[in-house]
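**Student:**
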Amino acid sequence: MSALAAPNEVVTRALLRQVNVPGLDRPAALITLDNGFDHTKPNTFGPGGLASLDEAITAALAADPAFIAVTGKPYIFCVGADIVGLPQLADRAQALEIGRLGHRVFARLKDSTVPTFAFVNGAAMGGGLELALHCHYRTLSGGAAALALPEVSLGLVPGWGGTQLLPNLIGIPAATQVIIQNPLMQNKMLKPKQAAELGIADVLLEPADFLERSLEWAADVVRGQVTVTRPEVDKDMWAGVLYFARQTLDQRLHGAVPAAYKALDLLETAKDGDFAAGTAAEDEALADLVFSEELRSGLYAFDLVQRRAKRPAGAPDKGLARTITKVGIVGAGLMASQLALLFARRLQVPVVMSDLDQSRVDKGVGYVHTQIEKAVTKGRMDKGTAAKLYGLVSGTVDKSAFADADFVIEAVFEDLGVKKQVWAELEKIVSPEAVLATNTSSLSITEMAAELEHPERVVGFHFFNPVAVLPLLEIVRGERTDDATLATAFAVGKQLKKSSVLVKDAPAFVVNRLLTRFLSTVFAAVDQGTPLDVANSALDPLGLPMRPLALLQLVGPAVAYHVGGTLHAAYPDRFGVSENLKRIADSGRPLVVDDQIDEEVAKLLVVGDQPLTAEQVRQNALDALAQEIRLMLDEGVVAEAQDIDLCMILGAGWPFHLGGVTPYLDRTGTSERVTGQRFLPRGAASLPA
Numbered sequence: 001m002s003a004l005a006a007p008n009e010v011v012t013r014a015l016l017r018q019v020n021v022p023g024l025d026r027p028a029a030l031i032t033l034d035n036g037f038d039h040t041k042p043n044t045f046g047p048g049g050l051a052s053l054d055e056a057i058t059a060a061l062a063a064d065p066a067f068i069a070v071t072g073k074p075y076i077f078c079v080g081a082d083i084v085g086l087p088q089l090a091d092r093a094q095a096l097e098i099g100r101l102g103h104r105v106f107a108r109l110k111d112s113t114v115p116t117f118a119f120v121n122g123a124a125m126g127g128g129l130e131l132a133l134h135c136h137y138r139t140l141s142g143g144a145a146a147l148a149l150p151e152v153s154l155g156l157v158p159g160w161g162g163t164q165l166l167p168n169l170i171g172i173p174a175a176t177q178v179i180i181q182n183p184l185m186q187n188k189m190l191k192p193k194q195a196a197e198l199g200i201a202d203v204l205l206e207p208a209d210f211l212e213r214s215l216e217w218a219a220d221v222v223r224g225q226v227t228v229t230r231p232e233v234d235k236d237m238w239a240g241v242l243y244f245a246r247q248t249l250d251q252r253l254h255g256a257v258p259a260a261y262k263a264l265d266l267l268e269t270a271k272d273g274d275f276a277a278g279t280a281a282e283d284e285a286l287a288d289l290v291f292s293e294e295l296r297s298g299l300y301a302f303d304l305v306q307r308r309a310k311r312p313a314g315a316p317d318k319g320l321a322r323t324i325t326k327v328g329i330v331g332a333g334l335m336a337s338q339l340a341l342l343f344a345r346r347l348q349v350p351v352v353m354s355d356l357d358q359s360r361v362d363k364g365v366g367y368v369h370t371q372i373e374k375a376v377t378k379g380r381m382d383k384g385t386a387a388k389l390y391g392l393v394s395g396t397v398d399k400s401a402f403a404d405a406d407f408v409i410e411a412v413f414e415d416l417g418v419k420k421q422v423w424a425e426l427e428k429i430v431s432p433e434a435v436l437a438t439n440t441s442s443l444s445i446t447e448m449a450a451e452l453e454h455p456e457r458v459v460g461f462h463f464f465n466p467v468a469v470l471p472l473l474e475i476v477r478g479e480r481t482d483d484a485t486l487a488t489a490f491a492v493g494k495q496l497k498k499s500s501v502l503v504k505d506a507p508a509f510v511v512n513r514l515l516t517r518f519l520s521t522v523f524a525a526v527d528q529g530t531p532l533d534v535a536n537s538a539l540d541p542l543g544l545p546m547r548p549l550a551l552l553q554l555v556g557p558a559v560a561y562h563v564g565g566t567l568h569a570a571y572p573d574r575f576g577v578s579e580n581l582k583r584i585a586d587s588g589r590p591l592v593v594d595d596q597i598d599e600e601v602a603k604l605l606v607v608g609d610q611p612l613t614a615e616q617v618r619q620n621a622l623d624a625l626a627q628e629i630r631l632m633l634d635e636g637v638v639a640e641a642q643d644i645d646l647c648m649i650l651g652a653g654w655p656f657h658l659g660g661v662t663p664y665l666d667r668t669g670t671s672e673r674v675t676g677q678r679f680l681p682r683g684a685a686s687l688p689a
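At position 216 of the sequence shown (counting the first as 1) the number is 216 in the UniProt record's numbering, and the numbers step up by one without a gap.
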């Protein structure tokens, strides 16, 4: 244990007490995990926490209890290993030891002759969920925030029994989803109902009296009044499921995430049911991955999302923020309708949409109502909440309805003249204090506000599509935007549950500027004569969420051409304008369907006779990103490289194993070769020197 001492560990204590439960002839032993902080600092396991749990189990067994149960502090069961301590491990031997220590302590619950229960009262992730899986029985609170085995998203594997226990509990298809698929889908979590349906929990209980009902249920199990039955796991489909999963990984990641493949290997080991062999394999996998570049990038990305995103760099004093009692939305198209639903759900204030004619208004309000109905049908919203939202969202063709709005956002056609006209009209209607926000993806906030009487209350509020899914909000400060407006924008962003990043008013801001540079470099190779399939697959070794041409199709060739034109006007030496892209946009046909290139659209292209190899395309794209990021940092578009990475992770879905983008550029030597310096200090998102 001494070799594993973690000086910065926030130790989660395992607090033991005896509980008298009606119907039992002797007390039960209840172990509560508690690190001494509220739910905002969740329980985790480091060496000290594991030692405390070990001691509590020893003391519990010595008291000869009717059963042993483990639960957590309010709202939190345990969210897993103390990952902050992982970079402090000095060598592979220490990594092996931490894996073996967790296995040894948790196995005491699995191997106990006294019945063991996990009362999962709150969030349970990683090692916390693995602890619960070691218990003989599990109750689950319907109020638990989330359950997951998210390790693969960080560059790890479930290393304390998860890969061995879960597939033998719920079957290999569901286990593969939880251990591999969900972490790679922006770290998707399970809700309590989903976890119970999968069979992770034996019973789902209401949160109000969860502990009391859990104790009663456990007593009934011990007395034999409740018999827990679980479906038999089908071992015949094991190989087929893993074969399909490996093919899917190859198609999507192309070997870029070693942890995902390690997890597949461990799931294969679990089929035999030799728990000792399986957990030993977990130890070895953990020791290998702890000293990988992908894990260090993953830990860096995790820290950005969990910490930096909640404390935006450069945000003004939140005390300056104004209260929002009504929201106006100019436009009633798809983006405006998504915004209306989001504002109504999160702010719980009246939201009014306007557009040029009643049919467009009706279509926008109809979209909102349809989405509410779908949420009710799927059980994601109760009828009371739905009724309230129906009443909050309205539409009109009369902009005077915005007179008492505190916050007005426009989502109209991406044209500077159109947007300036909108604000000129609205300034005569709204109060002088009302915040005017624009959802522009590339246009200048400063120019948009230049002719207004109060340009200081105009701010960029750039969402990413789909609005309900992507968490990034680029908040753009114009040259004359004041602190009160900016503080209000950040306060609203927080209410909307978005992660906000402060951005300087520069063409296309962060995500769109980088993606446009990236895509234009790839498409320039096509213009030179590089075959479409070569250009499209050139970035596969990075394991990006989409291939370039699929991303282009998602953005829309017309939109990409328009944004590209904006950036070409600003930076003609770096952003070209591809006439081939215009040809694709004008055709109205999709270039890519189901990752297959449309040959008819391909015939429209006029290309040169200097094709590049996939490696050349890839390096050109990486070089372009490195150059553009360095220029953006020099211009002060964002405070630090960390904000670039946060934007790419949350707004473009770039994976944790890349650390967003700058750690990968550093790791491959691209940063120093192109710009003469690294973006991050060595060891910040990589292995130390």
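Each residue gets a CB set at the ideal place from its N, CA and C atoms; glycine is no exception. Quick caveat: nothing in here was measured; it's all calculated off a predicted structure.
Taking DSSP as the reference, what is the three-state secondary structure of A343?
**Tutor:** Checking the sequence shown, residue 343 turns out to be Phe, not Ala. Correct three-state label for F343: helix.
**Student:** Can you grab the Cα-Cα spacing for the pair D64 / W160, in whole Å?
**Tutor:** If I take the Cα positions, the gap works out to 27 angstroms.
**Student:** Determine which residues share a DSSP beta bridge with L544 and list them.
**Tutor:** Per DSSP, none; premise fails for L544.
**Student:** Looking at the strands, I want to know which residues DSSP matches up with R477.
**Tutor:** In the DSSP output, where bridge partners are listed per residue, R477 has V459 and K504.
**Student:** Please go through the same chain and pick out, in chain order, the residues whose beta-carbon is closer than 7 angstroms to the beta-carbon of P312, but skip the five residues on each side of it.
**Tutor:** Counting only Cβ-Cβ distances below 7 angstroms, and skipping sequence neighbours, we find F490, S500, V501 and L502.
**Student:** Could you say which of L149, F343 and M381 lies nearest to G127 if we only look at CA atoms?
**Tutor:** Of the listed residues, the one whose Cα sits closest to G127 is L149.
**Student:** Assuming the contact rule is C-beta atoms closer than 8 angstroms, I179 and G162 should be a hit. Round their C-beta distance to whole Å, please.
**Tutor:** Indeed they touch by this definition, with Cβ atoms about 7 angstroms apart.
**Student:** Residue ranges of each alpha helix (DSSP H) run of no fewer than 4 residues wholly in the segment 275-333, ordered along the chain?
**Tutor:** Counting whole runs of 4 or more residues, the segment 275-333 contains the alpha helix (DSSP H) stretches 275-290 and 293-306.
**Student:** Can you check whether the CB of L24 is closer than 8 angstroms to the CB of V70?
**Tutor:** Contact flag unset, no.
**Student:** Taking DSSP as the reference, what is the three-state secondary structure of Y137?
**Tutor:** Strand.
**Student:** Do you know offhand how far V577's Cα is from V534's?
**Tutor:** V577 and V534: Cα-Cα distance of roughly 21 angstroms.
**Student:** Which parts of the segment 180-220 are runs of the beta strand (DSSP E), unbroken and 3 residues or longer, counting only runs that do not cross its ends?
**Tutor:** Listed in chain order, the complete beta strand (DSSP E) runs (minimum 3 residues) inside the segment 180-220 are 203-205.
**Student:** Can you give me the C-alpha to C-alpha distance between K271 and L581, rounded to a whole angstrom?
**Tutor:** Spanning the two alpha carbons is a distance of roughly 50 angstroms.
**Student:** Going residue by residue through the segment 399-461, where are the continuous beta strand (DSSP E) segments of at least 3 residues, counting only ones entirely within it?
**Tutor:** For the segment 399-461, whole beta strand (DSSP E) runs of length 3 or above, ordered along the chain, are 407-410 and 435-438.
**Student:** With a Cβ-Cβ cutoff of 8 angstroms, do S297 and G543 count as a contact?
**Tutor:** Against a cut-off of 8 angstroms, the Cβ pair of G543 and S297 comes out as no contact.
**Student:** Drop a sphere of 10 angstroms on the beta-carbon of D82, count the other beta-carbons inside from all chains shown, and report buried for 16 or more, exposed for fewer.
**Tutor:** With 16 or more other Cβ atoms within 10 Å, it is buried.
**Student:** Pairing CB atoms from the segment 208-218 with CB atoms from the segment 236-254, are three or more of them under 8 angstroms?
**Tutor:** No contact exists between the segment 208-218 and the segment 236-254.
**Student:** If you run the structure through DSSP and keep just helix, strand and coil, what is R100?
**Tutor:** It is helical.
**Student:** Pick helix, strand or coil for V592, following the three-state DSSP scheme.
**Tutor:** In the structure shown, V592 sits in a strand (DSSP, three-state: E or B).
**Student:** Within a Cβ cutoff of 8 angstroms, which residues of the same chain sit near T485, ignoring the five residues on either side of it in sequence?
**Tutor:** The answer, listed in chain order, is V435, E456, R457, V458 and V459.
**Student:** Would you call the CB atoms of G588 and L472 closer than 8 angstroms?
**Tutor:** Their beta carbons are not under 8 angstroms apart, which means G588 does not touch L472 by this criterion.
**Student:** Which same chain residues, not among the five before or five after A411, have their C-beta less than 8 angstroms away from its C-beta?
**Tutor:** Closer than 8 angstroms at the Cβ level, and outside the excluded window around A411, lie I329, V330, G331, G333, M335, A336, L339 and N439.
**Student:** Just curious, the beta strand (DSSP E) that S578 is in, first and last residue?
**Tutor:** Segment: none, S578 is in no beta strand (DSSP E) and carries neither H nor E.
**Student:** Evaluate the contact criterion for the segment 414-427 versus the segment 343-357: three or more CB pairs, one atom per stretch, below 8 angstroms.
**Tutor:** Segments in contact, no.
**Student:** Out of curiosity, what's the CA-to-CA distance linking S112 and Q619?
**Tutor:** Cα-Cα distance, rounded: 56 angstroms.
**Student:** If we require 4 or more residues per run, which alpha helix (DSSP H) segments fall completely within the segment 5-68?
**Tutor:** Whole alpha helix (DSSP H) segments, 4+ residues: 47-62.
**Student:** With a cut-off of 8 angstroms, do at least 3 Cβ pairs link the segment 135-152 to the segment 84-93?
**Tutor:** No, the segment 135-152 is not in contact with the segment 84-93.
**Student:** Provide the residue span of the beta strand (DSSP E) that contains S354, from first to last.
**Tutor:** Its beta strand (DSSP E) spans residues V351 to S354.
**Student:** Is F464 helix, strand or coil by DSSP?
**Tutor:** F464 falls in the coil class under three-state DSSP.
**Student:** Taking the DSSP output, what are the residues bridged to G72?
**Tutor:** For G72, which the question treats as bridged, DSSP gives the partners L33.
**Student:** Are G155 and A259 touching if we call contact CB-CB under 8 angstroms?
**Tutor:** Closer than 8 angstroms, so yes.
**Student:** Is it buried or exposed, E373, if we count other Cβ atoms within 10 angstroms and call 16 or more buried?
**Tutor:** E373 comes out exposed.
**Student:** When the Cα of A174 is compared with those of V157, D234, S153 and E206, which residue comes out closest?
**Tutor:** Checking every option, the nearest Cα to that of A174 belongs to D234.
**Student:** Check the C-beta distance from A56 over to L16 and give it rounded, since I have them as a contact under 8 angstroms.
**Tutor:** Correct: roughly 5 angstroms between the Cβ atoms.
**Student:** Which two residues bound the contiguous alpha helix (DSSP H) that contains T248?
**Tutor:** Note, T248: alpha helix (DSSP H), W238 to L253.
**Student:** How is the beta strand (DSSP E) around F117 delimited, first residue to last?
**Tutor:** Counting along the chain, the beta strand (DSSP E) containing F117 begins and ends at T116 to V120.
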